[in-house]
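K.L.:
So that we are looking at the same thing, I have put the structure below in structure tokens.
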Amino acid sequence: MNITFLGTGIMGAPMAANLARAGHTVRVWNRTPEKAVIKGTTPVDTPALGVAGADVVWMCVSDNAAIDEILGGANGVLEAAHEGLIVADSSTISPRVSRAWAEKFAARGATMIDCPVTGSRDGAQAAKLIFIVGGPQETVEKLDPLFKAMGQRVFYMGGNGMGLATKLSMNLNIALIYQGFCEGLVLAEKSGIPAERMLEIVGATMLRSGVVDYKADAIRNRDFQARFPLKLMLKDIRLMLDHAREMRVKLPALETVEEVYEVAAEEGLGELDFAATLSLLEKWAGLPGGDLVGGDSTLAAD
Numbered sequence: 185m186n187i188t189f190l191g192t193g194i195m196g197a198p199m200a201a202n203l204a205r206a207g208h209t210v211r212v213w214n215r216t217p218e219k220a221v222i223k224g225t226t227p228v229d230t231p232a233l234g235v236a237g238a239d240v241v242w243m244c245v246s247d248n249a250a251i252d253e254i255l256g257g258a259n260g261v262l263e264a265a266h267e268g269l270i271v272a273d274s275s276t277i278s279p280r281v282s283r284a285w286a287e288k289f290a291a292r293g294a295t296m297i298d299c300p301v302t303g304s305r306d307g308a309q310a311a312k313l314i315f316i317v318g319g320p321q322e323t324v325e326k327l328d329p330l331f332k333a334m335g336q337r338v339f340y341m342g343g344n345g346m347g348l349a350t351k352l353s354m355n356l357n358i359a360l361i362y363q364g365f366c367e368g369l370v371l372a373e374k375s376g377i378p379a380e381r382m383l384e385i386v387g388a389t390m391l392r393s394g395v396v397d398y399k400a401d402a403i404r405n406r407d408f409q410a411r412f413p414l415k416l417m418l419k420d421i422r423l424m425l426d427h428a429r430e431m432r433v434k435l436p437a438l439e440t441v442e443e444v445y446e447v448a449a450e451e452g453l454g455e456l457d458f459a460a461t462l463s464l465l466e467k468w469a470g471l472p473g474g475d476l477v478g479g480d481s482t483l484a485a486d
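Take the sequence shown: its letter number 269 is residue 453 in this note's numbering, and every next letter is one higher.
Structure representation (structure tokens):
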């Protein structure tokens, strides 16, 4: 297929590279042009220029504002959309916003699906992402070769926005599970129990989880290089809370976790992996691991 990939950051760059390796013709665009240099692909100057001749426009960007700019801004995708074009969005944004854009593309004879991913940077590089998809099923089936080039499994969830609603619910669980683990770990450390011992016990009992398994080495090695940046998890938490309000759902635990992430971002941890929230809790507890955090960080709810 002829594909234009918009957004070649931590996730998008390896996704575009995997499409090219699978034999597809891939053009790429990024707001920062130097990030749009990927082996086997050709850069384009604007999103609109990428639409010409494309069967599929695939996107993976940070937030609602970025999507609005890429799709509806000057030289955006919508103004250049042609009948039969497929727009696939792997960004994690608001389901409501995604549905609104899908309607606009439908009016032009194009089709948009939401297909957020899970697997973080490592999964994108290894072509082992899991796609959670919403949109017309026949369109999703047409994209099967592209899903296979970038990932290992596709979960079809229903109409437009349903992939995003599912992804937000998944990330809610990730945020809460990791937060609970960190709080238990900090309490144990403060009590004189080594972190490595707690990791061993958690891994051997019913407390074990995929989230903790995935972050265990980062905790052991104090390696908080971004696989899923804290600032993006905070963005997703805010999306979760907005979506919950639209659905008239109360999320009291997540509201508290949002405060922790807000302070962590204010303290300069936003570009690190979300696992770095552990350091903020350690700082509040007066533990050595809190040295990563500067200043006098306090939680507004204290």
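Glycine residues also receive a C-beta, built at the ideal position from the N, C-alpha and C atoms.
1) With a CB to CB cut of under 6 Å and the five nearest residues on each side skipped, what residues in its chain are close to Arg406?
2) Below 8 Å on the Cβ atoms is my contact criterion, and I expect Arg235 with Ala264 to pass it. Report the Cβ-Cβ distance as a whole number of Å.
3) Report all residues from its chain with a CB closer than 8 Å to the CB of Glu253; omit the five preceding and five following residues, and keep chain order.
4) Tell me whether Ala294 sits in a helix, a strand or coil according to DSSP, three-state version.
5) Once the 5 residues before and after Met185 are set aside, which same chain residues still bring their CB inside 8 Å of it?
6) Which parts of the segment 305–363 are runs of the alpha helix (DSSP H), unbroken and 4 residues or longer, counting only runs that do not cross its ends?
7) Any idea what DSSP makes of Asp457, helix, strand or coil?
8) Alpha carbon to alpha carbon, what distance is there between Ile421 and Glu488?
9) Got a sec? Which residues, its chain only, sit under 6 Å from Val301 by beta carbon, not counting five neighbours each side?
10) Could you check the C-alpha separation between Asp475 and Gly452 for me, to the nearest Å?
11) Could you work out which residue in Leu465, Ser282, Pro231 is closest to Lys374 when comparing CA atoms only?
12) Run the CB neighbour count on Ile385, radius 10 Å, all protein chains shown included, and call it buried at 16 or more, exposed below.
P.N.:
By the coordinates alone:
1) none
2) Looking at the sequence provided, one finds Val at residue 235 rather than Arg. Rounded, the Cβ-Cβ distance is 4 Å, consistent with contact.
3) Gly260
4) coil
5) Excluding positions up to five away in sequence, the list reads His208, Thr209, Asp239, Val240, Pro329, Leu330.
6) 321–326, 328–334
7) strand
8) Because the chain here runs from 185 to 486, residue 488 falls outside it and cannot be looked at.
9) Ser274, Leu313, Phe315
10) 12 Å
11) Leu465
12) exposed
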